[in-house]
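To convert, note that position 49 of the sequence shown is 49 in UniProt numbering; the numbers rise steadily by one, no gaps.
For each residue, glycine too, the CB sits at the ideal point set by N, CA and C.
See structure below.
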Amino acid sequence: MDILQEAAAFEKAKMSHMSTSDRVVASREAKRLVLAINEIYKKTKDTSLMDVMKRITAKKKRIDIRLKGRPNLGI
1 MDILQEAAAF EKAKMSHMST SDRVVASREA KRLVLAINEI YKKTKDTSLM DVMKRITAKK
61 KRIDIRLKGR PNLGI
């Protein structure tokens, strides 16, 4: 369950004052973690794994918004 320790470290990591390249790396790391945890979830159906994936995905979405910018819906 080393992947869960990596996920916990990723969740606790500070995401402020990051460069663009750091954000890209963090986004890719989040994707890797979610996919790895998903493989374990498929076998065990443990709901706590789903909760971890949801938290990592939420953090990834915040990073991606910062990278790509918010869409202009009012134009």
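So, are the CB atoms of residue i and residue j less than 7 Å apart?
i: L33; j: Y41; result: no
i: L67; j: R23; result: yes
i: A30; j: K60; result: yes
i: V52; j: A7; result: yes
Considering only C-alpha positions, which residue in the set the options is nearest to residue i?
i: S19; options: D64, R70, N72, E6; result: D64
Leaving aside the five residues before and after residue i along the sequence, list all residues of the same chain whose C-beta is less than 7 Å from its C-beta, in chain order.
i: R55; result: E11
Determine the direct distance from the alpha carbon of residue j to that of residue i, and round the result to whole angstroms.
i: K43; j: A36; result: 12 Å
i: T57; j: N72; result: 23 Å
i: D46; j: E39; result: 11 Å
i: residue 121; j: S16; result: Residue 121 lies beyond the residue range present for the chain, which begins at 1 and ends at 75; the question has no answer from this structure.
i: D2; j: G69; result: 33 Å
With a threshold of 8 Å on Cβ separation, who are the neighbours of residue i within its own chain once the five nearest residues in sequence on each side are excluded?
i: R62; result: M15
What alpha helix (DSSP H) runs, 4 residues minimum, are completely inside the segment 1-69?
2-12, 20-44, 47-68
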